[in-house]
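Undergrad:
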Amino acid sequence: MEMNSANVEEIVKQVLESMTKTPVEVPAAKAAATESQAIPKTAHVAMLTALEHYDIKEFPIPEVGDGDILVKVEGCGVCGTDAHEFKRDPFGLIPVALGHEGTGEIVKMGKNVKADSAGKPLKVGDKVVTCMIFKDDPDIEMFDLNKKNIGGADVYGLLPDDDIHLNGWFSDYILVREGSSIFNVSDLDLKSRILIEPCAVLVHAVERAKTTGILRFNSRVVVQGCGPIGLICIAVLRTMGIENIVAVDGNQKRLDFAKEMGAEKSVNFMEHKGIDALTEAVKDAFGGYAADFTFQCTGSPVAHSNIYKFIRNGGGLCELGFFINGGDATINPHFDLCSKEITLVGSWVYTLRDYATTFDFLKRAKAIGLPMDKLITHEFPLEQINEAHVTNLEQKGLKIAIVNK
Ligand SMILES: [Zn+2]
-14 MEMNSANVEE IVKQVLESMT KTPVEVPAAK AAATESQAIP KTAHVAMLTA
36 LEHYDIKEFP IPEVGDGDIL VKVEGCGVCG TDAHEFKRDP FGLIPVALGH
86 EGTGEIVKMG KNVKADSAGK PLKVGDKVVT CMIFKDDPDI EMFDLNKKNI
136 GGADVYGLLP DDDIHLNGWF SDYILVREGS SIFNVSDLDL KSRILIEPCA
186 VLVHAVERAK TTGILRFNSR VVVQGCGPIG LICIAVLRTM GIENIVAVDG
236 NQKRLDFAKE MGAEKSVNFM EHKGIDALTE AVKDAFGGYA ADFTFQCTGS
286 PVAHSNIYKF IRNGGGLCEL GFFINGGDAT INPHFDLCSK EITLVGSWVY
336 TLRDYATTFD FLKRAKAIGL PMDKLITHEF PLEQINEAHV TNLEQKGLKI
386 AIVNK
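According to this note's numbering, the sequence shown holds residues -14 to 390 in order.
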């Protein structure tokens, strides 16, 4: 065999690669040692112990089992679901460690933990998020999720209390138990990581919308409701190349932000008396046309009833605003559904696969200049979790987050 220049080049490349690979092991090992030394004996967990009241409780950090992962929490968003739990405990969970929109850094892991739910390697120092926990249902798997939706799955931050207590992301440490879903998201910044969970809700909703076959690049789309969910909906549509978006809300500040997030036009329903006038305003915003597709992102029954009027014959609707029971809505099945041949899909939470899509969505949103960071309007330390929830209930901002130092 002759040693030609291609061979030489290959050998040089291999040697260079082996040289750069070896030293990488050293800082990783060093990090593991220092990190585990720095782990305190106890963790602080914000427990909702009564309606509208959290206590910061101190619990011993338990043994990390061979399949477990101990995560030092960096931050966690306050969700609408937390607000409902805070006010009324509809799930009957009190006392409960809440917080499911969290992220943090692995500080210790069991010897059996090698990779995340997508097969990406995991090590101490990696930044992670958790998703739904599907322990008992083999039909629900990472990349084959069309079989079932996630109904019945568990999630950290809405688990019944147990003797470990480190079950929610409103805390400084959380113990991710063997069999849980977890993703390595070290390539995303903290604010992006805090937004993963709510963004996954919209990635899922748009996936549901796509099943109708109606949503296309040049579709005229109404997004009704400009809270965090509606605003992120607009962002997801923009990253898909859909630009003809009209935002509908009653709060002008939110409508202005909807335009920053990519809405072409906005309609303030406070300025239009009655559904006929509002429908005309929406059509005007599309240059005289009704919408091809609509996303209903509010929890208001009246908003659900209204949205059918904005849709053209043969158009579609994705209803995702009622993530909890908000009461009954009235529609006229003849005028609203049958005679117009509307295709309606419901959407609720997300799947593991939507999580993987969401990581890419967040990178694309940033790349096309959408101000995702501005969705997080308030940051509170863990000790001020009660104030954070009150701020959320008063709807003073958009996404409220607990951020640990
Ligand atoms: Zn949530």
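Glycine is no exception: its CB is placed at the ideal position from the N, C-alpha and C atoms.
1) Which same chain residues end up closer than 6 Å to residue 214 when comparing Cβ atoms and leaving out the 5 residues on each side of it in sequence?
2) Starting from residue 186, trace the alpha helix (DSSP H) both ways and give me its first and last residue.
3) Pull up the distance between the alpha-carbon of residue 129 and that of residue 257, whole angstroms please.
4) Taking 7 Å as the cut-off, does the CB of residue 374 come closer than this to any heavy atom belonging to ligand 1?
5) Short check: CB of residue 207 to CB of residue 279, under 8 Å?
6) Buried or exposed: where does residue 323 fall if 16 or more other Cβ atoms within 10 Å of its Cβ makes it buried?
7) Looking only at its own chain, which residues have a Cβ that is under 8 Å from the Cβ of residue 347, when we skip the five neighbours before and after it?
8) So for residue 81, helix, strand or coil by DSSP?
9) Quick one, which of 388, 298, 335 and 312 has its alpha-carbon nearest residue 288's?
10) Of the residues 201, 267, 255 and 116, which one's Cα is nearest the Cα of residue 170?
11) Can you tell me which of 83, 58, 43 and 47 puts its alpha carbon nearest to the alpha carbon of residue 374?
12) Check whether the Cβ atoms of residue 300 and residue 385 lie closer than 8 Å to each other.
13) With the cut-off set at 8 Å, would you say residue 251 and residue 232 are in Cβ contact?
14) Measuring CB atoms only, is the segment 329 to 342 touching the segment 30 to 47, in the sense that at least three cross pairs come out at less than 8 Å?
15) For the alpha helix (DSSP H) that residue 326 lies in, which residues bound it at each end?
16) What residue does the alpha helix (DSSP H) around residue 265 start on, and which one ends it?
17) Measuring from the CB of residue 75, is there a heavy atom of ligand 2 at a distance below 7 Å?
18) Look at the alpha carbon of residue 249 and the alpha carbon of residue 230, and state the distance between them as a whole number of angstroms.
19) Under a three-way DSSP split, which group does residue 118 fall into?
20) Give the straight-line distance between the Cα atoms of residue 49 and residue 94, rounded to the nearest whole angstrom.
21) I'd like the list of long-range same chain contacts for residue 139, defined as Cβ closer than 6 Å, with 5 residues on each side in sequence excluded.
22) Whole-angstrom Cβ separation of residue 24 and residue 92, contact assumed at under 8 Å?
23) Express the C-alpha separation of residue 72 and residue 150 in angstroms, rounding to a whole number.
24) Spatial neighbours of residue 303 within its chain, please: C-beta separation below 6 Å, excluding the five flanking residues on both sides.
25) Ligand 1 and residue 70: does the residue's C-beta get closer than 7 Å to at least one heavy atom of that ligand?
26) With respect to 7 Å, is the separation between the Cβ of residue 256 and the closest non-hydrogen atom of ligand 1 below this value?
27) Taking DSSP as the reference, what is the three-state secondary structure of residue 385?
28) Less than 8 Å between the C-beta atoms of residue 59 and residue 86, yes or no?
29) For residue 253, which residues does DSSP report across the bridge?
30) Name the one or two DSSP bridge partners that residue 285 has.
31) From residue 153 to residue 141, what does the alpha carbon distance come to, in whole angstroms?
TA: So, from the data block:
1) Position 229 of the sequence shown, counted from the start, is the residue given in the question as residue 214. Result list for residue 214: 282, in chain order.
2) As a working mapping, residue 186 is identified with position 201 in the sequence shown. Note, residue 186: alpha helix (DSSP H), 175 to 195.
3) The residue labelled residue 129 in the question sits at position 144 within the sequence shown. The residue labelled residue 257 in the question sits at position 272 within the sequence shown. Note that residue 129 has pLDDT 43, beneath the 50 cutoff, so the model's placement of it is unreliable and the number below is only indicative. Approximately 45 Å between the Cα atoms of the pair.
4) If you number the sequence shown from 1, residue 374 lands on position 389. It does not: the Cβ of residue 374 is nowhere closer than 7 Å to a heavy atom of ligand 1.
5) Your numbering for residue 207 matches position 222 in the sequence shown. Your numbering for residue 279 matches position 294 in the sequence shown. It is a contact, given that the beta carbons lie within the stated cut-off.
6) Residue 323 sits at position 338 when you count from the first residue of the sequence shown. Exposed.
7) Here residue 347 corresponds to residue number 362 of the sequence shown, with the count starting at 1. So the list reads 173, 177, 180, 181, 184 and 357, once near-sequence residues are dropped.
8) What you label residue 81 is simply residue 96 of the sequence shown in a count that begins at 1. Residue 81 falls in the strand class under three-state DSSP.
9) Numbered from 1 along the sequence shown, position 303 holds the residue referred to as residue 288. Of the candidates 388, 298, 335 and 312, the one whose C-alpha sits nearest the C-alpha of residue 288 is 312.
10) Here residue 170 is taken as the residue at index 185 of the sequence shown, counted from 1. The shortest C-alpha separation from residue 170 is found at 116.
11) Position 389 of the sequence shown holds residue 374. Per the Cα distances, 83.
12) Working through the sequence shown from its first residue, we reach residue 300 at position 315. Working through the sequence shown from its first residue, we reach residue 385 at position 400. Against a cut-off of 8 Å, the Cβ pair of residue 385 and residue 300 comes out as no contact.
13) Within the sequence shown, the letter at position 266 stands for residue 251. Within the sequence shown, the letter at position 247 stands for residue 232. Cβ distance < 8 Å, so residue 251 and residue 232 count as in contact.
14) no
15) One-based indexing of the sequence shown puts residue 326 at position 341. Segment: none, residue 326 is in no alpha helix (DSSP H) and carries neither H nor E.
16) Here residue 265 corresponds to residue number 280 of the sequence shown, with the count starting at 1. That run of the alpha helix (DSSP H) goes 259 to 270.
17) Here the bound small molecules are ligand 1; ligand 2 is not part of this structure.
18) Within the sequence shown, the letter at position 264 stands for residue 249. Within the sequence shown, the letter at position 245 stands for residue 230. Answer to the nearest angstrom: the Cα atoms are 5 Å apart.
19) For the purposes of this step, residue 118 is identified with residue 133 of the sequence shown, where counting begins at 1. Three-state result, residue 118: strand.
20) The residue labelled residue 49 in the question sits at position 64 within the sequence shown. The residue labelled residue 94 in the question sits at position 109 within the sequence shown. Between residue 49 and residue 94, the C-alpha separation is close to 7 Å.
21) Mapped onto the sequence shown, residue 139 falls at position 154. Within the same chain, residue 139 has close Cβ partners 118.
22) As a first step, residue 24 is located in the sequence shown; it is residue number 39 there, counting from the start. As a first step, residue 92 is located in the sequence shown; it is residue number 107 there, counting from the start. About 6 Å; that satisfies the 8 Å criterion.
23) Here the question's residue 150 lines up with position 165 in the sequence shown. Here the question's residue 72 lines up with position 87 in the sequence shown. One C-alpha to the other measures close to 21 Å.
24) Walking along the sequence shown from the start, residue 303 turns up at place 318. So the qualifying residues of the chain are 190, 193, 194, 280, 330 and 332.
25) Start at 1 with the first residue of the sequence shown, and residue 70 comes out as number 85. Residue 70: no, Cβ never under 7 Å from ligand 1.
26) Position 271 of the sequence shown, counted from the first residue, corresponds to residue 256. Checking the Cβ of residue 256 against ligand 1 gives no.
27) In the sequence shown, residue 385 corresponds to position 400, counting from 1. In this structure, residue 385 counts as strand in the three-state DSSP scheme.
28) Numbered from its first residue, the sequence shown carries residue 59 at position 74. Numbered from its first residue, the sequence shown carries residue 86 at position 101. In this structure, residue 86 does not lie closer than 8 Å to residue 59 by Cβ.
29) Translated into the one-based positions of the sequence shown, residue 253 becomes position 268. Beta-bridge pairing links residue 253 to 234.
30) Numbered from its first residue, the sequence shown carries residue 285 at position 300. DSSP output for residue 285 lists no bridge partner at all.
31) In the sequence shown, residue 153 corresponds to position 168, counting from 1. In the sequence shown, residue 141 corresponds to position 156, counting from 1. Those two C-alpha atoms are separated by around 5 Å.
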